[in-house]
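*Asks:* So that we are looking at the same thing, I have put the structure below in structure tokens.
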Amino acid sequence: MKSLVAVSLALKKVKPGLFKPRFVKAASFVIAACVLAIAQSSAPIHLPQVHLDADGLNPRPIEQLTGTTVAHHYALAWRDLAAALESGRTEGLGEEFVGFAHDRLMRRIGEQEQAGVHVRIVDHGHNLKAVFYSSDGTAMQLLDQAQLEIQTFDGNKLLDTQNAPHQYIVLMTPGADRWYIRDLEEVSAKSF
Amino acid sequence: MKRTTRSNFAFCKRLTGSVLLFALPWCASPGWAQAGKLLVPTTVGAGQTFSIPVVGSGQAGSGQATFYLLGPDHVVKRHVSPGSEVQIQSSDVRSAGLYQVILCDSKSSCTSATFEVKAAPPAHLSFFLHPSRVPVSTRDSIDATAFVFDQYFNLVWAPAVVDFRITPASGTGFSRRGTTRNGVAWMRMDSTPHEGSVRVTAVLGNVEEARVIQQVAAEACALRMKTVASGNRVTLETDPVRDCSGNTLPDGTIVSFTKIDKLGKSTVDTPIKKGIARVQFSVHGRAQISVACGVVLGNEVAVAVNGGL
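As you go down the protein sequences, you meet chains R and Z in turn.
Following this note's numbering, the numbering of the first sequence begins with 14 at its first residue and continues without gaps.
Following this note's numbering, the numbering of the second sequence begins with -12 at its first residue and continues without gaps.
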């Protein structure tokens, strides 16, 4: 079954090739990208909404295609993360997470399973702000203001529900055909 | 039931040794987060041991309670007795991030609180130097980026000054400083005038990480050739091909010789060998020959095999 998934991206882009500050013109624009995703199973895929703001990004401006890809894979990552935290199944995490982020998630989900705990995330969207993009294009750091409802269960018993905004600092690196999350750390609003 | 400042004080009084030392800053009310029956510190350093009191009052006072700790890479579930303390081990809080604590009493009434684990002091630098080869004397051509991590490989958010020490193969070294922002420090610099290796070391406290890049000659400068005629053949040979800083272009760099005579236009690409490019042409009548290397044009000569140069 095919499902239509909309990922909207607000990408404020600095014109490419202009590294000297006096030549840099920050042009902000909004892209609404509709992405067709082909579901492999009969279950529909729902991607969380991700808005990316790359205004004033240093030391390298972001290209439009890169911004679209980053936002798309960030949305995929949160979909897979939420699914893994709820089901305890970790198979899909390697598609979007690598390095420390992957290792930590694998441990977390393994220990959740042992404790009989699981977490349900109702994702109301992410406002991503790109704050660093290395000049060789190998790393991008982003801050995420996420609207999440997080329910924690022990078995079927609901232990806790959190409905406050969540803040994350994210490090993403490019792979052959996608951007991976290499580090994902939640921080308090005060630290953000 | 709300804890009062007085009961905070009573809890602090019960702490001993290193736990007390660590807990002292929290005992002032801004350092504590209090949610119902839970009293947790607002922030903890990664890998630090502390304890969370299980308040023995109200409903939580009867029967066993269940304590949950959910962190970025760790989940703890323990049965605890009201009035006791839950010891949080160093291994429980190694990953930086927000941790959720949930305490459920025997009647399934749950209270939750969160605390933040912040990265420990810097212990590792992840250092990238770009590119690996760069032409000499090129503006803003070298980029250095350092990510600062603690001993548990948490990104260290607190601003820190990273010293980038540049040591060229020849000439004096110098350094640049960058302050981390969100755990990242970077700097951009010009390449130096002389070819050879350049070592760049990122230094933060007693943590050092070094990378080496190779500076190579830039584009050719003042490219010139001379001709030697022999019969209907002309040998063309460049002067030693150097860049504007006097560095010899590496062997293998292609130099193009282009001849235009009555038979038309022909180009020969030849690599530099021992700093010089050499080629031989057959010339019929008069010919114009030019030389180029990359984007640089050299001199042009007119040749006439039967009429002299």
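Glycine is no exception: its CB is placed at the ideal position from the N, C-alpha and C atoms.
Note that this is a predicted model, so its numbers are computed, not measured.
Check the Cβ-Cβ distances between R/D136 and every residue of chain Z, and say whether any is below 8 Å.
*Replies:* The C-beta of R/D136 comes no closer than 8 Å to any C-beta of chain Z.
*Asks:* Tell me the DSSP secondary structure of R/Y220 in three-state form.
*Replies:* Not covered by the structure: residue 220 of chain R. The range shown for chain R is 14 to 205.
*Asks:* Give a yes or no on whether 8 Å exceeds the smallest Cβ distance from Z/I89 to chain R.
*Replies:* Yes - at least one Cβ of chain R is within 8 Å of the one on Z/I89.
*Asks:* Write down the C-beta distance between Z/Q275 and Z/I241 rounded to the nearest angstrom, noting that I regard them as a contact closer than 8 Å.
*Replies:* The beta carbons of Z/Q275 and Z/I241 sit about 21 Å from each other, so the pair does not count as a contact at 8 Å.
*Asks:* Given Z/I39, which residues of its chain have a CB within under 6 Å of its CB, disregarding the five upstream and five downstream residues?
*Replies:* V27, V73
*Asks:* Using Cβ-Cβ distances below 8 Å, what residues of the stretch 60 to 89 of chain Z are close to chain R?
*Replies:* D60, H61, V62, V63, K64, S82, A83, G84, L85, Q87, I89
*Asks:* Which residues in the same chain have their Cβ closer than 6 Å to the Cβ of R/D196, if we skip the five residues on either side of it in sequence?
*Replies:* F113, A114, L184
*Asks:* Roughly how many whole angstroms lie between the Cα atoms of Z/A279 and Z/C208?
*Replies:* 10 Å
*Asks:* R/Q154 touches chain C at which residues, Cβ-Cβ below 7 Å?
*Replies:* Of the protein chains in the structure, R and Z, none is chain C.
*Asks:* Going by the DSSP bridge assignment, what does Z/F268 pair with across the sheet?
*Replies:* Z/V221
*Asks:* Per DSSP, which residues does R/A177 bridge with? Please list them.
*Replies:* Answer is none; R/A177 lacks a bridge partner.
*Asks:* Using CA coordinates, which residue listed in Z/G183, Z/L236, Z/P146, Z/V194 is at the minimum distance from Z/A205?
*Replies:* Z/L236
*Asks:* Indicate whether at least one CB of chain R lies closer than 8 Å to the CB of Z/H111.
*Replies:* no
*Asks:* For Z/E196, collect the residues of the same chain with a Cβ closer than 6 Å to its Cβ; drop the 5 residues on either side in sequence, then sort them by chain order.
*Replies:* Cβ contact annotation for Z/E196 (same chain, cutoff 6 Å, sequence separation greater than five): L112, F114, A189, in chain order.
*Asks:* Can you give me the start and stop residues for the alpha helix (DSSP H) that R/L118 sits inside?
*Replies:* 112 to 128
*Asks:* Kindly indicate which residue of R/S147, R/E162, R/L78 has the alpha-carbon position closest to the one of R/P61.
*Replies:* R/E162
*Asks:* Just tell me which of Z/S93, Z/F140, Z/A133 has its CA closest to the CA of Z/K105.
*Replies:* Z/F140
*Asks:* Measuring CA to CA, which of Z/A291, Z/V228, Z/T29, Z/S243 is closest to Z/F102?
*Replies:* Z/T29
*Asks:* Roughly how many whole angstroms lie between the Cα atoms of Z/S277 and Z/T125?
*Replies:* 27 Å
*Asks:* Taking Cβ positions, are R/V111 and R/W192 nearer each other than 8 Å?
*Replies:* no
*Asks:* Nearest to Z/V67 by CA position, among Z/L25, Z/S77, Z/G34, is which residue?
*Replies:* Comparing Cα positions, the closest option is Z/L25.
*Asks:* Go ahead and label Z/V149 buried or exposed: buried means 16 or more other beta carbons lie within 10 angstroms of its beta carbon, across all protein chains shown.
*Replies:* With 16 or more other Cβ atoms within 10 Å, it is buried.
*Asks:* For R/E99 and R/R120, which I take to be in contact (beta-carbon distance under 8 Å), what is that distance rounded to the nearest angstrom?
*Replies:* Actually they do not touch by this definition, with Cβ atoms about 17 Å apart.
*Asks:* In chain Z, what lies closer than 7 Å to R/Q125 by C-beta?
*Replies:* V62
*Asks:* With 16 other CB atoms within 10 Å as the buried threshold, where does Z/P146 fall?
*Replies:* exposed
*Asks:* What is the DSSP secondary structure of Z/L25, counted as helix, strand or coil?
*Replies:* strand
*Asks:* Who are the Cβ neighbours of R/G188 in its own chain at under 8 Å, not counting the five residues just before and after it?
*Replies:* V111
*Asks:* Using a cut-off of 7 Å between C-beta atoms, extract the partners of Z/D137 located in chain R.
*Replies:* None at all; the shortest Cβ gap to chain R is about 12 Å.
*Asks:* Does Z/V121 come out as helix, strand or coil in the three-state DSSP assignment?
*Replies:* strand
*Asks:* Answer yes or no: do Z/N219 and Z/V292 have a C-beta to C-beta separation smaller than 8 Å?
*Replies:* yes
*Asks:* Please decide whether R/D157 counts as near chain Z, where near means a Cβ-Cβ distance under 8 Å.
*Replies:* no
*Asks:* Please go through the same chain and pick out, in chain order, the residues whose beta-carbon is closer than 7 Å to the beta-carbon of R/Q160, but skip the five residues on each side of it.
*Replies:* H137, G138, P178
*Asks:* Which term fits Z/G165, buried or exposed, when burial requires 16 or more other beta carbons within 10 angstroms of its beta carbon?
*Replies:* buried
*Asks:* Is any beta-carbon of chain Z found at less than 8 Å from that of R/A67?
*Replies:* no
*Asks:* Helix or strand or just coil, what does DSSP make of R/R92?
*Replies:* helix
*Asks:* State yes or no: is the beta carbon of R/F113 nearer than 8 Å to at least one beta carbon in chain Z?
*Replies:* yes
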